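Novice:
Residue numbers (the UniProt record's numbering): 1 to 755.
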């Protein structure tokens, strides 16, 4: 953690990379509690991936979920292996708490599937830990001689940061309730950021930043790992050890070489962590430079731990860092990346995603996460898109939200810069989304600006659980972009906020090019409970759908969804009734968006749009339905536009190119069922009707222009199911709409005349 008394506490895009392999000989006595990768197989390729399953691979900086669907809350701690399980422990900051709440422990057989075990130390464990005490940096040791587990912490109590002590607790089992044993200054040193290290000979050490973080000390612990007994090494900010004084740190050992990873003292701000090597913990330690590329600021993280995965084929060392979120501590996330070690050289490359086989010990780099093409950034709460108002091209123009209209000022190109960083370019202006003056002030308006490579123009794009994303400014300690005040009005600002999973802070990244608009006379329109009318001007196709005034009345379209993910549905509508006409959106009978509002427009000739986003599974022939939830029916619907899809014929299905019969007709309690088939037809078409009572039935056939082509009168038919034959030999090929009038009630559908 960061002591406020210090120094103003105040990746590659479009390239296919070669396969590389780094391996370290597995050692049977390798310590697990403080060690990091020398085995990595990289398979990096061009990718248009824009959604990641963070549970099947490591997504550094993303959310981890336990098996119960809860976000894993364990930072500042580490990972070790005991028996056949890996254990992750760390501070519980789930309540945005700076003060101590507890230390959580999770277990996993594979570093992917995590089970919550216990809060092994909590504020109720002892009065020293209660009443808003400050406790940080929990570090765990396993003493195999005594069988005890020893949890060391940085202890400040109620006088942070003047207490400057360590404390420890013990347990006979790793997942037990630890007993608090006390706190003190180790060997009379003030101690702040600290860590532990267990060597291959079984000896354990306490590492502390001392002398107000201007020095660092390695202290050997006694045989029970419960007290320091002697100083082994002391380093200073300025001496022959090249400024070895530090804040966060971790020691690992590979072969006969010790690697000491350290962060500079920069408060909450990140910095370029560096490393030193030695053949003895007593030194001398040799400065080796940064662990990550200069300027990467260790991928916006601070070292907290390192551990080894020793398998049958290799040993992989893994770096663990904290990416701090200062405005909302609960959003601090872990950065895990495999390290590469060769001789005395250590490096930390960046992988957008990677996985590890804990049996073999081999880590595999996944494809870079690229967003290829143009995108709309759709706010989850408002449904509106991010835009540069007025097609402005000047630096400093504030970015706002607005109803989607497909303008180039609402389109964005998202470029992967490496290091988990992206820049977001406006298609119209060519300028990028910019956090002015690298602000960390909530409510700061984002702007567009000429790209200059600054951190304030770079963004982390982190997937959330529902297919949306949060967009986090790289140098803001966790600040994200959100719609100001959760507004739904056009022109509301896109501003900085502290992320807390509010819908106005989440964004759907929707491809622009994958969009289709379906009119009543085009492929994809199937049927409606109501009429296709043309009596109000302003519609764009051959008319608009006027559904029956009834709960459950609706419109059906058939659509191909080639891929799973978030889709955007935009309805063009008019509602001159003076009242909202809400509706549900269903896909294959399942509600995917409920109570969509269609507010009143000034007249029936005033057209507007409503946009909704929904997660849709891939389906080659899905029925999309808009269905009224009130007795007024739906608004008049002119068309539907869907991103990430293509139209399908109403008679098509995933298993057959054409529908030879309508299948069983389902009946509402108060509605006659109607279906037309086959689609397409050549000489004859059929309308299947299922009547609840005797009815006078008439069928009108309208061409694509809405002109009546033919009328069929069938007289009064008895209750039950009837197959009505339509002679279509004289009709030209094309798309037709049928209107079935049953006792004065209209139902519409579509038929296609083929060759």
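Heads up, the beta-carbon is just placed ideally off N, CA and C, and yes, glycines get one too.
All values derive from a computational prediction rather than experimental measurement.
1. In whole angstroms, what is the alpha-carbon distance linking residue 60 and residue 417?
2. Residue 69 to residue 115, Cα distance in whole Å?
3. Nearest to residue 367 by CA position, among 578, 373, 352, 361, is which residue?
4. From residue 305 to residue 209, what distance separates their C-alpha atoms?
5. Indicate whether residue 736 and residue 637 have their beta-carbon atoms separated by less than 9 angstroms.
6. Residue 360 to residue 348, Cα distance in whole Å?
7. Beta-carbon within less than 7 angstroms of residue 631's beta-carbon, same chain only, minus the 5 sequence neighbours each way: which residues are those?
8. Rounded to whole angstroms, what's the CA-CA distance from residue 748 to residue 712? Just pull it up for me.
9. Going by beta-carbon coordinates alone, are residue 627 and residue 579 separated by less than 9 angstroms?
10. Note the first and the last residue of the continuous beta strand (DSSP E) segment covering residue 288.
11. From the DSSP output, read off the bridge partner residues of residue 739.
12. Cβ atoms of residue 245 and residue 788: under 9 angstroms apart, would you say?
13. Would you report the Cα separation of residue 743 and residue 547, rounded to the nearest angstrom?
14. Nearest-angstrom Cα distance between residue 189 and residue 461?
15. I think residue 687 touches residue 625, with their Cβ atoms under 8 angstroms apart; what is that distance to the nearest whole Å?
16. Using the C-alpha atoms, what's the distance from residue 265 back to residue 599?
17. How close, in whole Å, do the beta carbons of residue 76 and residue 138 come, if the pair is a contact with beta carbons under 8 angstroms?
18. On the premise that residue 488 lies in contact with residue 602, defined as a C-beta separation below 8 angstroms, what is that separation, rounded to the nearest angstrom?
19. Straight-line CA distance for residue 512 to residue 370?
20. Flag this pair as touching only if the segment 99–117 and the segment 74–88 have three or more C-beta atom pairs under 8 angstroms; answer yes or no.
21. DSSP three-state label for residue 534, please.
22. Residue 545 and residue 634: beta carbons closer than 9 angstroms?
23. Could you tell me which residues DSSP puts in a beta bridge with residue 197?
24. DSSP has residue 635 in a bridge; who is on the other side?
25. Buried or exposed for residue 228, please, with buried defined as at least 16 other CB atoms from any protein chain shown within 10 angstroms of its CB.
26. Could you check what DSSP says for residue 168 in three-state terms: helix, strand or coil?
27. Considering only C-alpha positions, which residue in the set 151, 338, 332 is nearest to residue 314?
28. What is the residue span of the alpha helix (DSSP H) that residue 299 lies within?
29. Do the segment 401–410 and the segment 422–437 make contact, defined as three or more Cβ pairs closer than 8 angstroms?
30. Starting from residue 560, follow the beta strand (DSSP E) in both directions and report where the run begins and ends.
31. Name the two residues that bound the continuous beta strand (DSSP E) containing residue 338.
32. According to DSSP, is residue 486 part of a helix, a strand, or is it coil?
33. Taking the Cβ atom as the reference point for each residue, do residue 587 and residue 622 lie within a distance shorter than 9 angstroms?
34. Which value, in whole angstroms, describes the spacing of the CA atoms of residue 593 and residue 497?
35. Alpha carbon to alpha carbon, what distance is there between residue 739 and residue 764?
36. According to the neighbour-count rule (16 or more other Cβ atoms, all chains shown, within 10 Å of its Cβ), is residue 519 buried or exposed?
Specialist: Reading off the structure:
1. Taking the straight line joining both Cα atoms gives about 15 angstroms.
2. Rounded to whole angstroms, residue 69 to residue 115 spans 10 angstroms at the Cα level.
3. Cα-wise, what sits closest to residue 367 is 352.
4. Taking the straight line joining both Cα atoms gives about 15 angstroms.
5. Contact flag unset, no.
6. About 21 angstroms.
7. The residues are 549, 550, 551.
8. Cα to Cα, residue 748 sits roughly 14 angstroms from residue 712.
9. For the pair residue 627 and residue 579, the CB atoms are not nearer than the 9 angstroms cut-off.
10. In this chain, the beta strand (DSSP E) harbouring residue 288 covers 286–290.
11. Residue 739 pairs with 700, 748.
12. The displayed coordinates of the chain run from 1 to 755. Any statement about residue 788 would go beyond what the structure contains.
13. Rounded to whole angstroms, residue 743 and residue 547 show a C-alpha spacing of 16 angstroms.
14. If you take the alpha carbons of residue 189 and residue 461, they lie about 42 angstroms apart.
15. Not confirmed; about 20 angstroms, so no contact.
16. Whole-angstrom Cα-Cα distance: 56 angstroms.
17. That pair is a contact at about 7 angstroms.
18. Not confirmed; about 19 angstroms, so no contact.
19. Distance between the alpha carbons of residue 512 and residue 370 is about 15 angstroms.
20. With a cut-off of 8 angstroms, the segment 74–88 and the segment 99–117 count as touching, because enough Cβ pairs lie within range.
21. Coil, per DSSP.
22. In this structure, residue 634 lies closer than 9 angstroms to residue 545 by Cβ.
23. Among the bridge pairs identified by DSSP, residue 197 is matched with 205.
24. Residue 635 pairs with nothing; no bridge assigned.
25. By the beta-carbon neighbour count (other beta carbons within 10 angstroms, threshold 16), residue 228 is buried.
26. Three-state result, residue 168: strand.
27. For the residues 151, 338, 332, the minimum Cα distance to residue 314 belongs to 338.
28. Annotation: the continuous alpha helix (DSSP H) that includes residue 299 extends over 297–300.
29. In short, these stretches touch, since the Cβ pair count reaches three.
30. Run containing residue 560: 554–561, per the beta strand (DSSP E) assignment.
31. In this chain, the beta strand (DSSP E) harbouring residue 338 covers 333–338.
32. In this structure, DSSP gives residue 486 a helical state, which the three-state scheme calls helix.
33. A distance below 9 angstroms separates the beta carbons of residue 587 and residue 622.
34. Those two C-alpha atoms are separated by around 27 angstroms.
35. There is no way to answer for residue 764, as the model of the chain reaches only from 1 to 755.
36. Taking a 10 Å sphere around the C-beta of residue 519, we find 16 or more other C-beta atoms and assign the residue as buried.
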